[in-house]
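Here the structure comes first, spelled out in structure tokens, and everything after it is commentary.
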Amino acid sequence: MPYQAEISRDNPTCFLFVIDQSGSMDEITETGRSKADFVADVLNKTLYTLITTCSKAEGVRSYFDVGVIAYGGKEVASGFGGALSGGIVHPINAISEHPLRVEERQKKVDDGAGGILELKTKFPIWFDPKSVGGTPMRAALDKTRETVAEWCEAHPASYPPTVLHVTDGQSTDGTPEEMADALRRIATKDGQALLFNLHVTSQGGPEILFPTSETDLNDEYSRMLLRMSSPLPPHLAEFADDKGYAIADGSRGFIFNGDPQCIVDFFEIGTRPKLVADR
Amino acid sequence: MSTPELRQKSRLPLALSIPKTEDSRNEDGFYRSAKGVYALSDGASVSFDSASWARILVRHYTRNPEFTRGWLAGAIAEFRKLYDRETLPWMQQASYDRGSFATLLGVRIVNEGRLIQIFAIGDTLAVLCDGDRIKATFPFSAASAFTRSPQLLCTNPVGNAFLDEVDFGYDLVADWTFTGLKQPALLCMTDALGHWLLSQRDRNSSPISALRKLQTPRAFARFVHEERAAGRMKRDDTTLIALW
Numbered sequence: 025m026p027y028q029a030e031i032s033r034d035n036p037t038c039f040l041f042v043i044d045q046s047g048s049m050d051e052i053t054e055t056g057r058s059k060a061d062f063v064a065d066v067l068n069k070t071l072y073t074l075i076t077t078c079s080k081a082e083g084v085r086s087y088f089d090v091g092v093i094a095y096g097g098k099e100v101a102s103g104f105g106g107a108l109s110g111g112i113v114h115p116i117n118a119i120s121e122h123p124l125r126v127e128e129r130q131k132k133v134d135d136g137a138g139g140i141l142e143l144k145t146k147f148p149i150w151f152d153p154k155s156v157g158g159t160p161m162r163a164a165l166d167k168t169r170e171t172v173a174e175w176c177e178a179h180p181a182s183y184p185p186t187v188l189h190v191t192d193g194q195s196t197d198g199t200p201e202e203m204a205d206a207l208r209r210i211a212t213k214d215g216q217a218l219l220f221n222l223h224v225t226s227q228g229g230p231e232i233l234f235p236t237s238e239t240d241l242n243d244e245y246s247r248m249l250l251r252m253s254s255p256l257p258p259h260l261a262e263f264a265d266d267k268g269y270a271i272a273d274g275s276r277g278f279i280f281n282g283d284p285q286c287i288v289d290f291f292e293i294g295t296r297p298k299l300v301a302d303r
Numbered sequence: 181m182s183t184p185e186l187r188q189k190s191r192l193p194l195a196l197s198i199p200k201t202e203d204s205r206n207e208d209g210f211y212r213s214a215k216g217v218y219a220l221s222d223g224a225s226v227s228f229d230s231a232s233w234a235r236i237l238v239r240h241y242t243r244n245p246e247f248t249r250g251w252l253a254g255a256i257a258e259f260r261k262l263y264d265r266e267t268l269p270w271m272q273q274a275s276y277d278r279g280s281f282a283t284l285l286g287v288r289i290v291n292e293g294r295l296i297q298i299f300a301i302g303d304t305l306a307v308l309c310d311g312d313r314i315k316a317t318f319p320f321s322a323a324s325a326f327t328r329s330p331q332l333l334c335t336n337p338v339g340n341a342f343l344d345e346v347d348f349g350y351d352l353v354a355d356w357t358f359t360g361l362k363q364p365a366l367l368c369m370t371d372a373l374g375h376w377l378l379s380q381r382d383r384n385s386s387p388i389s390a391l392r393k394l395q396t397p398r399a400f401a402r403f404v405h406e407e408r409a410a411g412r413m414k415r416d417d418t419t420l421i422a423l424w
């Protein structure tokens, strides 16, 4: 059975976020914020949650390696800045130590006695919104393929890497489909790498969540992103089902035109491997 | 006057435990009082400081085995004294806010075993045996129950919302007795061993007889290592409390 490997410090898994930073990501969404701003916020929260999951009183345990590949204009590069900018993938404890900055925010919490408390909370930022130029998606997915292949070679027994790709536009450097196919064929002993795609669009129309086929997708570009997406493994399908999504046999890790909550859920579902050893 | 079987149960339980790996901290906690109250707790690895939380829960239970909302609030208050939230680095503050999680299995042996009260939250298992036969298990009766995420006590009150749907005096307790059993025994175990036991219960050789042979820490460690290596037992902190 694939996707059963124990995830531990000796056998970490890898999450790769591939983020479209092309010019069209500056479009303002119904939330009043640009797509780039919203995606940056969700990515920062996802990193925060992953690190929180690995944090114990004595420090951060490196259950995960995490990378960000950002593409826009003519550039495909690490999405991290500062001390992390020299590489794409880093152990999560290194990421926890090197945010760009730490902001202070207020959050409301249950006080345990029926009341609400306002707590000051430190919130780290690794990733600022950016939107410039064209969409070199083919080059970005080729870089992702190369990164995934290197990681799998170094971690042959681990739970395979999960790639979460967020884009809003058509590739401007050729079709990325063959790169995606090659990426999904890379495997560890525990299964093939997973590629999930989130199409954030301003085209309007109904949202399409974890579909099984291309039938309901109107444009060729969305259909291609669906074909590029891996089927959800059973444990992720179960988690998506628990969150209220209609999941069927063969549902793929693909969302088209999802509302903000769907985008948050996409990241949460995609970064939810089984922590078999670590309950 | 006690019967011979019941008098035998006045002695101390055998407590055996090994961590997930040789270099990791064991996050299972066990405590007993002089009044026949035992408690075993399994701290969840993916949480801030589950070892301390497990230790607080078992001490709290053995001091006062009446679980109530106030009881839980007292345990949480005791945990919060361990850390100054405001001085924690951001990642530890976030993990502290999310909470520390642990099971709680409490046992009260009343009247030398005429009444045994079991209290359980989570997937730590109590087993009543007669010789090599399993007479009852609580809170689970099938190995498949261990595949679901258990509900755990949390240092963040939000994580305890599941208790709103629970009848403390009914859903969380079982009453057993040694009376009428020829060779009574009571076992408490954390989930790796509990899952092993329930998945082995229908085999020809009784898993209880295998556990009965484990009288020393070395024998227990060897047994757990062998079962892990054979793929029959999950790699996790593993604890057995046995009143043979």
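Line by line, the protein sequences are chains A and F. The first sequence begins at 25 in the numbering used here and counts up one residue at a time. The second sequence begins at 181 in the numbering used here and counts up one residue at a time. C-beta: ideal position from N, C-alpha, C; glycine also. Predicted, not measured: the structure shown is a model, and the values here were computed from it.
According to the DSSP assignment, Gln331 of chain F belongs to no beta strand (DSSP E), since it is labelled neither H nor E. Cβ contact annotation for Ala272 of chain A (same chain, cutoff 6 Å, sequence separation greater than five): Thr236, in chain order.
At a C-beta separation below 8 Å, Ser79 of chain A has these neighbours in chain F: Phe228, Met271, Gln272, Ala274 and Ser275. Going by C-alpha positions, Gly274 of chain A is about 27 Å away from Ser226 of chain A. Neighbourhood of Val217 of chain F in chain A, by CB distance below 7 Å: empty, with the nearest CB roughly 26 Å away. Taking 7 Å as the cut-off, the beta carbon of Leu222 of chain A is found no closer than this to the beta carbon of Ala204 of chain A. Contact annotation: Leu220 of chain F and Cys368 of chain F have beta-carbon atoms nearer than 7 Å. With the criterion set as a beta carbon lying under 7 Å from some beta carbon of chain A, the members of the segment 322-343 of chain F are Pro337 and Val338, in sequence order. In this structure the segment 160-176 of chain A does not lie against the segment 138-148 of chain A, because fewer than three pairs of beta carbons, one per stretch, are closer than 8 Å. Going by DSSP, Phe147 of chain A is part of the beta strand (DSSP E) stretching over Ile140 to Ile149. Neighbourhood of Val187 of chain A in chain F, by CB distance below 7 Å: empty, with the nearest CB roughly 23 Å away.
Taking the C-beta atoms as reference points, Glu238 of chain A is found nearer than 7 Å to Leu250 of chain A. By the CB criterion at 7 Å, Ser86 of chain A and Pro36 of chain A fall inside the cutoff. Interface flag for Arg235 of chain F against chain A is unset, since no Cβ pair is found closer than 7 Å. The three-state secondary structure of Tyr241 of chain F, taken from DSSP, is helix.
Nearest C-alpha to Leu124 of chain A among A:Leu71, A:Trp175 and A:Thr168: A:Leu71. The straight-line gap separating the alpha-carbon atoms of Gly56 of chain A and Thr370 of chain F is approximately 50 Å. Boundaries of the beta strand (DSSP E) around Ile289 of chain F: Leu284 to Val290. Closer than 7 Å to the CB of Ser120 of chain A there is at least one CB belonging to chain F. Taking C-beta atoms as the reference points, Cys286 of chain A and Ile279 of chain A count as a pair closer than 7 Å. At least one CB atom of chain F sits nearer than 7 Å to the CB of Lys146 of chain A. Going by DSSP, Arg212 of chain F is part of the beta strand (DSSP E) stretching over Asp208 to Arg212. By the neighbour-count criterion, in which a residue is buried when 16 or more other Cβ atoms sit within 10 angstroms of its Cβ, Leu192 of chain F is exposed. The continuous alpha helix (DSSP H) containing Leu71 of chain A extends over residues Lys59 to Cys78. A straight line joining the alpha-carbon of Asp152 of chain A with that of Asp61 of chain A spans about 8 Å.
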